[in-house]
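J.: I'd like to ask you about the structure that follows.
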Amino acid sequence: MNGMTGVNRMTDRQGPALSRRALIGAGLGAAVLTAAGVGSAHADAAGVGPAQADAAGAGSVGARARATSAQRRGHAFLAATMDAYPDHGGIRLAQSYADQAGLFSTAFTYDNALAVLAHLAARTADGRARAVVLGDALLYAQEHDPAHDDGRLRQAYNVGPYTFYDGSLQPDGFVRADGSVNVGTQFGFTGTAVGDMAWAGIALSVLAGRTGERRFLAGAVRIGEWIERNGRTDEPLGGYKFGVDGANQKLPFTSTEHNTDLVCLFGRLARLTGDGVWLERRARARAFLHHMWEADGGFFYTGTNDGVTVNKSPIPEDTQTWTYLALDSRSHARSLDWAARELAVLDHAERRNSTVPAGQSYEGVTFSSAGLLANEDAPIADSQPKPDRNGVWFEGTAHLALALRERHGRGDEARARRLIDSIERAQDLLGAGQTVGGRALPERSGVVSASSPLDTGFGFGYYPYRHLGATAWYLMAAVRSNPLRA
1 MNGMTGVNRM
11 TDRQGPALSR
21 RALIGAGLGA
31 AVLTAAGVGS
41 AHADAAGVGP
51 AQADAAGAGS
61 VGARARATSA
71 QRRGHAFLAA
81 TMDAYPDHGG
91 IRLAQSYADQ
101 AGLFSTAFTY
111 DNALAVLAHL
121 AARTADGRAR
131 AVVLGDALLY
141 AQEHDPAHDD
151 GRLRQAYNVG
161 PYTFYDGSLQ
171 PDGFVRADGS
181 VNVGTQFGFT
191 GTAVGDMAWA
201 GIALSVLAGR
211 TGERRFLAGA
221 VRIGEWIERN
231 GRTDEPLGGY
241 KFGVDGANQK
251 LPFTSTEHNT
261 DLVCLFGRLA
271 RLTGDGVWLE
281 RRARARAFLH
291 HMWEADGGFF
301 YTGTNDGVTV
311 NKSPIPEDTQ
321 TWTYLALDSR
331 SHARSLDWAA
341 RELAVLDHAE
351 RRNSTVPAGQ
361 SYEGVTFSSA
371 GLLANEDAPI
381 ADSQPKPDRN
391 GVWFEGTAHL
401 ALALRERHGR
411 GDEARARRLI
421 DSIERAQDLL
431 GAGQTVGGRA
441 LPERSGVVSA
451 SSPLDTGFGF
461 GYYPYRHLGA
471 TAWYLMAAVR
481 SNPLRA
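Sequential numbering from 1 applies to the sequence shown in the working numbering.
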């Protein structure tokens, strides 16, 4: 999430601006989405809702077996996205979305950082090995950028060949013939966001701690130093600014989400390096978050566009959940109640513009307060379907579930379990028949980013395509692994 209205202008091309999570699926219309983005219900799972799942008993043998199966299938999806282009070398990242999303072999840096963390959260030999491969690919991208030698990572990369919409063949994998990395230029994913960098740094720092390999810590430190050089601001609200666009021009926005990420990254670097400078930087990011806190309403605002004035609308979900995961602050814990109450949605086939098959329903949260007010008569973007105000954002639903589990207040675990049940049903029933790299995905593997098309309010939408980031957040929520704990 970008952190404020208008901040997704990280591209160096004309046309729709894309954030690190933006998914416009150029050229895909509502008819294609409805046909390819959702699947028919399995006979043994159709109609199973939260009440039935609760009745089964979260502690029963059957419930535990179902949860284990769902997690196993989630990890199978992570593996499939990583192994989709076997003829293009061992240095590789994972494709972020199913092919049907229309982004071809795009691998977002943020999604791959989450994949590292989800693999490590599994605490298996295979998970560790895959996390190391992805971590080394991020380090390779730092060292082999085609234009910069300063430790930056781009918003996204291409990881396999494809033919673009204009008919031009893109033959390369993640590593081009000259050894440089294949930056995602076709969609303009060429900028560098502080939030993307922070998540990559978090992933590398966890790898450093888990493996003892110094190269991962060195990469994380290099990321932290890039952020300090390019993001630090002395504007009245302080904190760290958004990053740079594809033309290397600094962007004027400051994001609550990004500074939340930095509280974790800088805290980790302080602990791993023993260098107190990271504590000062962490305090600066944390102070910005306090400026964004609305005590009367019990929530965090999205950020600032100018460093002086707080941007008060829209109000996103992840600034409520990530702040709790990073700060573990009882005085700000009400943000979870705000998100669970004010952004709650229930999607089903009878909803206007819903693409959920008949007989199914999904509960969770939407992306932001603007999503609940989206114009259901107008497409989200050119060539895109109309939004469903009650579309469930499964990535956000997963980190809300994880944050509730971390808070562990009265009723929190039961509420989190209902949300996880909803995500697991989505993995079972939505996104059937989708592929990655032209290869069929393992059956019922991978969580779609949204139950139906939803408008984020930040200039882009989410759609029912299986997604690396949503699946990784689900897997971490399922095993209570908090990636933002410093």
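C-beta: ideal position from N, C-alpha, C; glycine also.
(1) To which residues of the same chain is Asp150 closer than 7 Å at the C-beta, ignoring the five residues directly before and after it?
(2) Return helix, strand or coil for His148, following the three-state DSSP convention.
(3) Between which two residues does the beta strand (DSSP E) harbouring Gly243 extend?
(4) Using DSSP bridges, identify the partner residues of Arg232.
(5) Is the segment 139-157 close to the segment 216-226, with three or more CB pairs under 8 Å?
(6) Have a look at Val244, Val365, Arg284 and Tyr240 and flag the residue whose alpha-carbon is nearest the alpha-carbon of Phe189.
(7) Who does Lys250 pair with in a DSSP beta bridge?
(8) Can you tell me whether Pro236 is buried or exposed, with buried defined as 16 or more other CB within 10 angstroms of its CB?
(9) Specify, as a first and last residue, the run of the alpha helix (DSSP H) that Ala401 falls within.
(10) Using the Cβ count rule (16 or more neighbours within 10 Å means buried), how would you classify Asn375?
(11) Go to Tyr474, then tell me how far its alpha helix (DSSP H) extends in each direction, as first and last residue.
(12) Just how far apart, CA to CA, sit Ser329 and Val194?
(13) Within its chain, find whatever has a CB closer than 8 Å to the CB of Ala70; leave out the 5 residues flanking it on each side and keep chain order.
(14) Nearest-angstrom Cα distance between Arg123 and Arg73?
(15) Take Ser180 and list the residues in its own chain whose beta-carbon comes closer than 8 Å to its own, dropping the five residues that flank it on each side.
(16) Exposed or buried, what is His290 when buried is set at 16 or more other beta-carbons lying within 10 Å of its beta-carbon?
(17) Have a look at the DSSP bridge pairing and note the partners of Ala131.
(18) Where does Met10 fall in DSSP's three states?
(19) Between Leu114 and Gly469, which are expected to be in contact by the criterion C-beta below 8 Å, what is the C-beta distance as a whole number of angstroms?
(20) Please report the distance separating the alpha-carbon of Thr233 from that of Lys312.
(21) Report yes or no: do three or more beta-carbon pairs, one from the segment 365-379 and one from the segment 310-327, lie closer than 8 Å?
(22) Using a Cβ-Cβ cutoff of less than 6 Å, which residues in the same chain neighbour Ala270 once the five nearest sequence positions on both sides are dropped?
(23) Determine the DSSP secondary structure at Gly160, reduced to helix, strand or coil.
(24) Considering only DSSP beta bridges, list what Phe300 is partnered with.
(25) Classify Leu419 as helix, strand or coil using the three-state DSSP reduction.
T.: The relevant details are as follows:
(1) Trp226
(2) coil
(3) Bounds of the beta strand (DSSP E) holding Gly243 are Lys241 to Val244.
(4) Tyr240
(5) yes
(6) Val244
(7) Val244
(8) That one is exposed.
(9) If you look at Ala401, you'll find it in the alpha helix (DSSP H) that goes Phe394 to Arg407.
(10) exposed
(11) Leu468 to Ala478
(12) 23 Å
(13) In its chain, beyond the 5 residues on either side, Glu424, Gln427, Asp428 and Ala478 have a beta carbon closer than 8 Å to the beta carbon of Ala70.
(14) Between the alpha carbons of Arg123 and Arg73 lies a distance of about 16 Å.
(15) His144, Asp145 and Pro146
(16) exposed
(17) Paired residues: none, contrary to the question.
(18) The predicted position of Met10 is uncertain, since its pLDDT is 36 and thus under 50; a value taken from the coordinates is nonetheless stated next. Correct three-state label for Met10: coil.
(19) 5 Å
(20) Straight-line spacing of the CA atoms in Thr233 and Lys312 works out to 20 Å.
(21) Yes: the two stretches touch, three or more of their Cβ pairs being nearer than 8 Å.
(22) Trp278 and Leu279
(23) Here Gly160 sits in coil by DSSP.
(24) Trp293
(25) helix
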